[in-house]
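Chains as they are written, first to last, in the working numbering: chain U, 1 to 408; chain F, 409 to 816; chain W, 817 to 1224; chain R, 1225 to 1632.
Note that the Cβ used here is the ideal one computed from N, Cα and C, for glycine as well.
I have placed the structure first, in the form of structure tokens, so that the comments after it can refer back to it.
Protein chains: 4
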Amino acid sequence: MMSPEEIVTLRTRVRAVVEDLLPFESLLLQCQFAELMQKLEGVRERVRREGLWGLSLSRELGGHGLPLDGFAHLAEEMGRSPLGHYVFGCQAPEVGNIELVHHHGTSEQKQNILPLLVTGRARSCFAMTERNTSGANPTLLTTRARSDGAGWVIDGEKWFTTAADGAAFCIIMAVTDPGAPPHQRASLFLVPLPHPGLHFIRNISVMGHVGGGPFSHAELHFEGCRVGPEHLIGKIGDGFRLAQARLGHGRIHHCARWIGIAQRALDMMCERVTGRAISEVKTLSESDLVRSWIGEAAAGLTAARLFVQHTAKIIEEKGGQAARNEIAMIKFFVADVLSMTVDRALQTHGAAGVSDDFILAYFYREERAAHIYDGPDEVHKLSVAKSILKSKGGIDATRSGYDRSSPR
Amino acid sequence: MMSPEEIVTLRTRVRAVVEDLLPFESLLLQCQFAELMQKLEGVRERVRREGLWGLSLSRELGGHGLPLDGFAHLAEEMGRSPLGHYVFGCQAPEVGNIELVHHHGTSEQKQNILPLLVTGRARSCFAMTERNTSGANPTLLTTRARSDGAGWVIDGEKWFTTAADGAAFCIIMAVTDPGAPPHQRASLFLVPLPHPGLHFIRNISVMGHVGGGPFSHAELHFEGCRVGPEHLIGKIGDGFRLAQARLGHGRIHHCARWIGIAQRALDMMCERVTGRAISEVKTLSESDLVRSWIGEAAAGLTAARLFVQHTAKIIEEKGGQAARNEIAMIKFFVADVLSMTVDRALQTHGAAGVSDDFILAYFYREERAAHIYDGPDEVHKLSVAKSILKSKGGIDATRSGYDRSSPR
Amino acid sequence: MMSPEEIVTLRTRVRAVVEDLLPFESLLLQCQFAELMQKLEGVRERVRREGLWGLSLSRELGGHGLPLDGFAHLAEEMGRSPLGHYVFGCQAPEVGNIELVHHHGTSEQKQNILPLLVTGRARSCFAMTERNTSGANPTLLTTRARSDGAGWVIDGEKWFTTAADGAAFCIIMAVTDPGAPPHQRASLFLVPLPHPGLHFIRNISVMGHVGGGPFSHAELHFEGCRVGPEHLIGKIGDGFRLAQARLGHGRIHHCARWIGIAQRALDMMCERVTGRAISEVKTLSESDLVRSWIGEAAAGLTAARLFVQHTAKIIEEKGGQAARNEIAMIKFFVADVLSMTVDRALQTHGAAGVSDDFILAYFYREERAAHIYDGPDEVHKLSVAKSILKSKGGIDATRSGYDRSSPR
Amino acid sequence: MMSPEEIVTLRTRVRAVVEDLLPFESLLLQCQFAELMQKLEGVRERVRREGLWGLSLSRELGGHGLPLDGFAHLAEEMGRSPLGHYVFGCQAPEVGNIELVHHHGTSEQKQNILPLLVTGRARSCFAMTERNTSGANPTLLTTRARSDGAGWVIDGEKWFTTAADGAAFCIIMAVTDPGAPPHQRASLFLVPLPHPGLHFIRNISVMGHVGGGPFSHAELHFEGCRVGPEHLIGKIGDGFRLAQARLGHGRIHHCARWIGIAQRALDMMCERVTGRAISEVKTLSESDLVRSWIGEAAAGLTAARLFVQHTAKIIEEKGGQAARNEIAMIKFFVADVLSMTVDRALQTHGAAGVSDDFILAYFYREERAAHIYDGPDEVHKLSVAKSILKSKGGIDATRSGYDRSSPR
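Encoded structure:
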């Protein structure tokens, strides 16, 4: 187990790398992906050299074996730049895919594919979301995998498959048994790319850009796409359960990243208002309206951090199922802190705030999706409420989270 | 004066043109400006043929002589598409520039330049905003025009000069007398482009795109840029006053446009939720959370519309000075309705909402600036408060707006 | 028809009376109802003498025949004090009851009862709300009136019957035909008080006080309470329809009153911050946080006023049914402006704000109910949404309200 | 040190007492203070018998020596009822006064007065707030204590002196040296009541009630009120410093209490919506608008709890000065969660929510003051911002709170 002091040391080292990434952000803003990927490859080499690669991985996979709450501190630092997670080999959906193959893959998948992903020599994607069915209710999935005796034939359409562009592997979720209970209908398949019958349609233009490489979201069509038993991850019918299991860790990664973004936005806001004259004798930092924004942002950020740390600890100690409500709550709680902080930081920058001379406009548009991906905020609110309305209560002072007791 | 029925008829005709513009929006989203401008030129021809050109202009300028509140109805319809105002020859800053030259230009400017602008054969821009001085306090302006006996030599930097790219004329605000009372320091000059010493630096990348033509915001540098007395608009020292006078009409134009956008977003939200299944038997439209959003959006939109109509009528009847508070209030009131409505419409679209398959993501990112341009919302709130705190009150039942009376 | 100038004159006269009421507010705050009612009777006499009685009534009833939007201006002034409407004979539910009897009462009711109500010599109440059924869905009503051949026998419980304490008449809504279509199940009966089988249980304690006289909300029980055909108002089965018809005018009265309260709160906020030192050289009015609150309150108030005027005009010109959506929208829109403005005015008063040395704490607690009575805000949002989702759209520039047109 | 399990056991025992208090709340709502105090005395006896008295006190004072974060769990339970803290001998300002005398009192004060306060045999109050000077800036204090050689003569007015009614002792803050640096101007005096020249003017009516005994806020006037050196607490000029030192513990007590209130409100909301029919087949709990409120309340409460625990731990481990920003932030963060949760719980109760048949209306009106006492929210936001704008940053992963680092 790592001590708090070791985490601080690691955090400082991560921050140093992230600071050096900032000059490359303009390449992302200008969609110069070829040059960007080349620069990032250089930084990834440095990260490997400095022993900072795969900070989220377990020791068995050659990682640092950090507890989830410890990693969250580092993920915050990485999150300060949209390039951060990628250069540390910690980006979604890669880390989730690695865990999936590690825990549920076949021996062959573990032997041949896993090392490529873990070391960052190849990338993978995860094709679950569909355009015409609500991601919030995966039982509406329409992509079908029909048994043809020896294997399955997949037909259907996926979209918002992150990082499919240039990926060497794709994990596909498809309904194998439409007559089964809702959460046992689907299965997961891992196929190398390209694969017959799997068509890359486009990188979807999101907030004005199609993106590229790991910074993209693809539309994929499956037409008579044949997969064999060797492509299966887990067992038939395990699809939802395995996808669900990703969510806990994934949520912490995302939320810590959002906190990193919000913290950077707050830092930029403080810097801006200190330097911005609003009269011949005053700067914007003397406005108590602006100060109230800074105070509110700081409080929101602190609460968000504590909430994420708390949730990470429950996952670490008792598993994701025990933290189900917390995992749902940080989704919308932290996303709100993120949006509010970025929005106000942008506002204090005036016209510069909407320009690409600063990163704030990028955060503003790209992270709007935080309220949507992995299920819209509203779905998580409803799920928490459902759980509370069902619960019978009980006092648990060892857990600071929600405990409902007999009402009046 | 036009009857309400005539306005309805005009509005229906404007709507028909705007509906036909929608297919060209994808060219804007993909930044294919050459093809876009060509298509728009065709629509502009149709608009001229159908007698719908220059709906905001007075009869003397060959326009329809619509009252401002009447025009606001049409501007709503144009506003439904980001291409709307341009094809009708009603886009900012052109209409403001036309009014300026018409009322304050020299005879020669009126004779030679005005017709080009009025008919849309040439475009113009308005260079006021500077990067390092708060637009909210124009007395901080640093661009200087120093007299050299016969004329003036301008040095300084401007940015967010909308539509400078491809413009044939530029109106420049520069400080001619730094020692004068704050609001008499600056003057306006109208110069044809290109002009020696006036350097086009770049189209500023805004929310990910540099834009192009009328859909762009430029950075301009002035180095020893010489202008003569024939370039002056109004008198020396009139700069702020004339710029201020633009604001009333401009505000109505902007706010009506924002209402058009918000209305389209609400329409899209209604369409989306009606068609989106959230279970095997229910659509999103049956959610009373979504319905509460629709109810709130409708109320906000109705209030916004009434507020803009009310303000337009005061300007029309009593002039912009009489409507000073209202002009300030609609700025932030309507911008809030706009942001809230677009945000929720986007949210109900899920992943599709952040994609460019729909126009909502464009509105979300582009119209964030509504809270910033022409002075950030906060500045307008403060200015209204200042006016209220100063006023002595009085009851005026003929005016539904704010009236402060003797407090307890 | 009254000219705007005449409305202004009336408004000034109403204001003068209301100003003289303010000293009596402390009697209300201290629940000294006997003394309060005596003082108010004196003011009512003055109001009658000055010809300001019954400003909301039609000429046939001896009133001024003001259009509803004209009256709304006066109701704002009355609304500045919680005592205002009562001294002008314009309080709820009296004015609604008077209209009801006037339009639907029997000749005998009109001859014997109406004059007492119109002149304020007797008071009446309206018993509809029930504790255990959602007021938002009147089809759940449980109070039954069973026919016994000659008349009906009423059994059931009502609560929040405003002003039942000391009332001479009670209008009761009871289900006469539970098997009829939902909106034809109930009927209205007008009975003099006391009446056998009608038990006055208590004045309900609301926000800490049971109130008294017209300033109270009672719980009434009906046990074998017999009413004859002569007590019926309207026809059997007309109950919901007639209750619904009250809503339009009643909503305007309430909303105008709320605006009056909010305006007074804003006036008090301006007065307070101007006089409150926060350092040796500054007052609270120099804080731009406080100023942003004043700006937002002024904008909200102006929008609320315009919205109410607009709705009143539609009711006046086209009837309540045509204004259905507007009547629903002003309910929650104006209630939000009210709550926000009172809350911030209170906050700027510090500890004095929660004390009863100022009226703000009274407004804060008493007007919380604005979000609840006549149906909670949420129900109105849903009803507007339902109507919008159903509508087919169409452009109507003569009406500034919501118009939905063919979405993309 | 107490184990988490012991805290849970204590918490369960505290809850049991609080549950038995609920029937007496109606006496508070009806202002029957004589009967209320008698009932509460009985419960206090039980609390003493069960060894639950003075849970917030150190072992030296006969308390349990709980760490502050441990006590916060118990304070939540006490907070569920407005009567809770009093029956456990943990109410403000008593516990703060006890700490003050314990740490800074003279030997005689400690010997003669402290035991009376600690055991609850006598009550005390703390007279700091003044009507005409902003509590947020104590350097504006006007109450003066002028030296007369042997002692001091106090002149001035205090208000909102909580629990002065019936108190046996009063701690007074007065300016002893107006020429000193701002924070060294005032001193504290402890006098027994009654005392010559100290006039009890009134219990201030707050939100409709003057209250009584420990549930009251008094106005006190000092006219030539003489105090001797034996009345001093601490040293001359220590007044602000000692008052400031109370704030850390006091804030945790208040915030934990607010969380208890909010939790009870959420419990009541869940109970209400489960039982409330909105149609013949549905209850309010099936509305996803209501569910989104429950989800948001649960998230807010969890974040609030974590924030308070976090702050209590810093105070416990590093002292109040180290937690200065956190102490400021929980003030407004938790107060917002409180207000939002109580408001929505009330709203789901409909008319019953504003009635005194439920405790929600009491919480709604009484706890409005949470945004005001101990300095209005806004002042705390500004103070946090000031601190952040001044700080130079640095990474501290062992502390989840705000850490500012070098911005871009």
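Out of W:Thr958, W:Trp975, W:Arg1062 and W:Glu1112, state which residue places its alpha-carbon closest to the alpha-carbon of F:His788.
-> W:Glu1112
For R:Ser1615, the three-state DSSP class (helix, strand or coil) = coil
Between the beta-carbon of W:Arg1092 and the beta-carbon of W:Thr992, is there less than 9 angstroms?
-> no
Run the CB neighbour count on R:Gly1448, radius 10 Å, all protein chains shown included, and call it buried at 16 or more, exposed below.
-> exposed
Could you please give the first and the last residue of the uninterrupted alpha helix (DSSP H) stretch that includes U:Arg344?
-> Arg324 to Thr348
Limits of the unbroken beta strand (DSSP E) element including U:Arg226 | His217 to Val227
Contacts around W:Leu932, its chain only, beta-carbon distance under 6 angstroms, and the 5 residues preceding and following it disregarded | Ala938
Cα separation between U:Gly166 and U:Pro214?
-> 8 angstroms
Kindly say whether R:His1604, judged by its beta-carbon, lies nearer than 9 angstroms to any beta-carbon of chain U.
-> yes
Let me know the secondary structure DSSP gives F:Ala712 once reduced to three states.
-> helix
If we count Cβ pairs, one from each stretch, closer than 8 angstroms, do we get three or more for the segment 291–306 of chain U versus the segment 1543–1559 of chain R?
-> yes
Could you check which residue in W:Glu893, W:Ile1110, W:Leu916 and W:Leu837 has the C-alpha nearest to that of W:Gln854?
-> W:Leu837
Answer yes if the segment 863–871 of chain W comes into contact with the segment 1049–1067 of chain W, meaning at least three C-beta pairs across the two stretches below 8 angstroms, and no otherwise.
-> no
From what residue to what residue does the beta strand (DSSP E) around U:Glu157 run?
-> Trp152 to Thr162
Identify the continuous alpha helix (DSSP H) that holds R:Cys1634 and give its terminal residues.
-> This structure cannot settle anything about residue 1634 of chain R, because the visible part of chain R is limited to 1225 through 1632.
Taking 9 angstroms as the CB-CB cut-off, is W:Gly1050 touching chain C?
-> Going by chain labels, chain C is absent from the structure shown, which instead holds the protein chains U, F, W and R.
What are the partner residues of U:Thr143, as DSSP defines its beta bridges?
-> DSSP output for U:Thr143 lists no bridge partner at all.
Taking the C-alpha atoms as reference points, what is the distance between W:Arg776 and W:Leu899?
-> Lying outside 817 to 1224, the shown extent of chain W, residue 776 of chain W is not represented and no answer is given.
So is U:Trp159 in contact with chain F if we call contact Cβ pairs under 9 angstroms?
-> yes
Just the C-alpha distance for F:Gly605 and U:Arg291, rounded to the nearest angstrom, thanks.
-> 41 angstroms
Under the rule that 16 or more other beta-carbon atoms within 10 Å means buried, what is W:Glu892, buried or exposed?
-> buried
Runs of alpha helix (DSSP H) wholly within the segment 917–958 of chain W (minimum 4 residues, chain order) | 930–935
Would you grab the beta carbon distance between F:Glu638 and F:Ile609 for me? Rounded to a whole angstrom, and I think it's under 8 angstroms.
-> No, F:Glu638 and F:Ile609 are not in contact; Cβ-Cβ is about 26 angstroms, not under 8 angstroms.
Starting from R:His1423 and walking both ways along the beta strand (DSSP E), at which residues does that stretch end?
-> Leu1422 to Asn1427
Segment contact flag, the segment 336–355 of chain U with the segment 1475–1484 of chain R, C-beta cutoff 8 angstroms, min 3 pairs | no
Inter-residue Cα distance where the pair is F:Glu427 and W:Gly1027 = 59 angstroms
Proximal chain R residues relative to W:Met1023, where beta-carbon distance stays under 9 angstroms = Met1431, Gly1432, Val1578, Ser1579, Asp1580, Ala1585, Tyr1586, Tyr1588 and Arg1589
What does R:Thr1236 pair with, by DSSP beta-bridge criteria?
-> DSSP lists no partner for R:Thr1236.
Any idea what DSSP makes of U:His380, helix, strand or coil?
-> helix
Using DSSP with H/G/I as helix, E/B as strand and the rest coil, what is R:Ser1200?
-> Residue 1200 of chain R lies beyond the range of chain R shown here (1225 to 1632); nothing can be said about it.
Check whether the Cβ atoms of U:Arg418 and U:Met207 sit closer than 9 angstroms, and answer yes or no.
-> Past the edges of chain U, shown from 1 to 408, lies residue 418 of chain U, and the structure says nothing about it.
Would you report the Cα separation of W:Ser1095 and W:Leu1198, rounded to the nearest angstrom?
-> 48 angstroms
Which of helix, strand or coil does DSSP assign to F:Leu474?
-> coil
Between which two residues does the beta strand (DSSP E) harbouring F:Ala582 extend?
-> Phe577 to Val583
Please name the residue in R:Tyr1310, R:Ser1227 and R:Gly1303 whose C-alpha comes closest to that of R:Gly1266.
-> R:Tyr1310
Which class does U:Phe189 belong to by DSSP, given the choice of helix, strand or coil?
-> strand
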